[in-house]
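According to the UniProt record's numbering, the sequence shown is numbered sequentially starting from 1. Positions of the beta carbon are idealized from the N, C-alpha and C atoms, including for glycine.
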Amino acid sequence: MAEPRIRLGMVGGGEGAFIGAVHRIAARLDDRYELVAGALSASPDKAIRSAAAIGLASDRSYPDFRTMAQAEGARTDGVEAVAIVTPNHMHAPVADAFLDAGVHVICDKPLTTTLEEARRLRDKARTSGLIFAVTYNYSGYPLVRHARSMVQGGELGAIRIVQVEYPQDWLADPLEAAGQKQADWRTDPARSGGGGCVGDIGTHAYQLAHFVTGMMPERILAEATIFVPGRRVDDNVQILLRYGNGARGALWASQVAPGNDNGLRLRIFGEKGGLDWRQEEPNLLAWSPLGDAPRSIRRGTTSMNAAGQRVNRIPPGHPEGYLEAFATIYTEVATAIVASRTASLADPWLTFPTIEDGFAGVAMVDAVLRSSAAGGVWMPVEL
1 MAEPRIRLGM VGGGEGAFIG AVHRIAARLD DRYELVAGAL SASPDKAIRS
51 AAAIGLASDR SYPDFRTMAQ AEGARTDGVE AVAIVTPNHM HAPVADAFLD
101 AGVHVICDKP LTTTLEEARR LRDKARTSGL IFAVTYNYSG YPLVRHARSM
151 VQGGELGAIR IVQVEYPQDW LADPLEAAGQ KQADWRTDPA RSGGGGCVGD
201 IGTHAYQLAH FVTGMMPERI LAEATIFVPG RRVDDNVQIL LRYGNGARGA
251 LWASQVAPGN DNGLRLRIFG EKGGLDWRQE EPNLLAWSPL GDAPRSIRRG
301 TTSMNAAGQR VNRIPPGHPE GYLEAFATIY TEVATAIVAS RTASLADPWL
351 TFPTIEDGFA GVAMVDAVLR SSAAGGVWMP VEL
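As structure tokens, then:
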């Protein structure tokens, strides 16, 4: 008999929210979850209206997350996992409430708005025995998994250089001044945290580099810049990365770079060769072995290794993209939750971003802000 679907709840993601619909699609794509409850907005009226619009039962539609956590925790058929898709400042209080209710957590990034809060939440999650995932969804792409396996297998040799960038242009104008919802909260330090661009997309680039290389920088030197007059958080950040094994790296993230939509790109260079992957062309990985002709590895073909094939869904020529990568994270978490139901061992290949990755992202943002405020000096990153 197939395992029953995981009963999923959601906090945030109501009317006008982009990311809520993405999470709902990702959760359903591989048919592992059923959305049964939600507190979909900080506004009670909007929360109830949003729940009705997506077909949630009225008795499982809640005016706020605390009421939801208490009620669902008391039900024999209560939610097993909750997706937190709120603005950043609400991640920690919502996670706290559901951890206390014994519910697994799937949280959007960044984990929290301060390092102190991230440290406290990490410690709580560690001792809870519950699964705590953070949706760094770019680590779900098949060719990202392929690249990671190549690095782990020593095909690149010792890693020397890591270059990662994530440029966008959507905040090149002061959209927040016009009341655009996504711009409004992302440029408000009370809701986004002290880091703007660096927290919003810089953390994605940082996690991707770590996921593929397995390396975490020990020290960073950063300059966070506000280019749009009147903006209160950074919209461009440039970071140098210094790794313990002697490798060096650089990270650039920008939301004011005209001509760029979602230009996430990772390049890794080792003693034996280099890799180049671009999120906007995710079905292609460039591999350049030293002294040999560069070659292309295509998703879905026999050139892809077992790690990539494991999360591959459809044949070559049918592109897999953002939603499928997001769904991979949800499906990996589902596998872990099913294993936890019976205290059985999960698939050894199983991997997804956890509370540790969430903490690492916030620690990076904290180090960036300290380095930049000090005029661009090397700062340690808390591990």
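Per-residue burial, residue i [other beta carbons within 10 Å of its own, 16 or more giving buried]
i           : result
Met10       : buried
Gln279      : buried
Lys109      : buried
Trp277      : buried
Ile201      : buried
Gly196      : buried
Ala21       : exposed
Asp292      : exposed
Leu345      : exposed
Trp287      : buried
Asp366      : buried
residue 385 : Residue 385 lies beyond the residue range present for the chain, which begins at 1 and ends at 383; the question has no answer from this structure.
Gly55       : exposed
Leu383      : exposed
Arg186      : buried
Whole-angstrom distance between residue j and residue i, CA atom to CA atom
i      : j      : result
Arg242 : Glu218 : 6 Å
Thr86  : Arg310 : 31 Å
Ala83  : His210 : 24 Å
Ala101 : Ala92  : 14 Å
Ala325 : Tyr136 : 10 Å
Ala158 : Leu251 : 20 Å
Ala183 : Leu175 : 6 Å
Met1   : Arg231 : Here the model assigns Met1 a pLDDT of 45, short of 50, so the residue's position is not dependable, and the following value carries that caveat. One C-alpha to the other measures close to 55 Å.
Val228 : Gln180 : 15 Å
Asp45  : Pro63  : 7 Å
Pro258 : Ile226 : 15 Å
Gly193 : Asp96  : 18 Å
Ser50  : Asn305 : 42 Å
Gly245 : Arg120 : Here residue 245 is Asn; the residue named in the question, Gly, does not match the sequence. Distance between the alpha carbons of Asn245 and Arg120 is about 29 Å.
Phe269 : Ile161 : 5 Å
Asp347 : Val333 : 11 Å
Ile239 : Met364 : 10 Å
Pro289 : Thr76  : 56 Å
Asp169 : Glu3   : 44 Å
Glu34  : Ala373 : 46 Å
Thr78  : Met90  : It should be pointed out that residue 78 corresponds to Gly in this sequence rather than to Thr. The alpha-carbon atoms of Gly78 and Met90 are separated by roughly 22 Å.
Arg313 : Gly140 : 12 Å
Residue i and residue j closer than 8 Å at C-beta
i           : j      : result
Gly14       : Ala47  : yes
Val237      : Leu171 : no
Val362      : Leu115 : yes
Met150      : Leu275 : yes
residue 431 : Phe132 : Here the chain covers residues 1 to 383 and nothing more, so residue 431 does not appear.
Ala307      : Arg145 : yes
Ala177      : Val198 : no
Asn283      : Arg298 : yes
Thr331      : Arg7   : no
Pro167      : Val233 : no
residue 472 : Glu320 : Since the first residue of the chain shown is 1 and the last is 383, residue 472 is not available in this structure.
His104      : Glu80  : yes
Thr205      : Ala253 : A small correction: the amino acid at residue 205 is Ala; Thr does not occupy that position in the sequence shown. Yes. Within cutoff.
Asn88       : Thr113 : yes
Leu323      : Ala26  : yes
Ala343      : Asp30  : no
Gly273      : Leu350 : no
Ala118      : Phe352 : no
Endpoints, the alpha helix (DSSP H) within which residue i is located
i      : result
Phe227 : Element bounds for Phe227: n/a, residue is neither H nor E.
Gln309 : 306-310
Trp185 : 181-186
Gly20  : 18-29
Leu284 : Segment 284-289 is the beta strand (DSSP E) holding Leu284; no alpha helix (DSSP H) there.
Leu115 : 115-128
Thr333 : Sequence check: residue 333 is Val here, not Thr. It spans 322-341 - the alpha helix (DSSP H) in which Val333 sits, taken as one unbroken run.
Val212 : 203-213
Val11  : It is not in any alpha helix (DSSP H) - Val11 instead sits in the beta strand (DSSP E) that spans 6-12.
Gly73  : 65-74
Asp100 : 91-100
For residue i, the residue or residues it bridges with in DSSP
i      : result
Thr354 : Ala133
Ala303 : What sits at residue 303 in the sequence shown is Ser, not Ala. In DSSP, Ser303 forms no bridge with anything.
Cys107 : Ile84, Val134
Asp276 : Arg267, Ala286
Ala367 : In the DSSP output, where bridge partners are listed per residue, Ala367 has none listed.
Trp252 : Glu165, Gln238
Ser61  : Gly38
Residue i: first and last residue of the uninterrupted beta strand (DSSP E) it sits in
i      : result
Glu165 : 159-167
Ser296 : 295-298
Leu240 : 236-242
Glu34  : 33-39
Residue-chain proximity (residue i, chain D), Cβ-Cβ < 8 Å
i      : result
Arg299 : Given the protein chain composition of this structure (a single chain), no chain D is represented.
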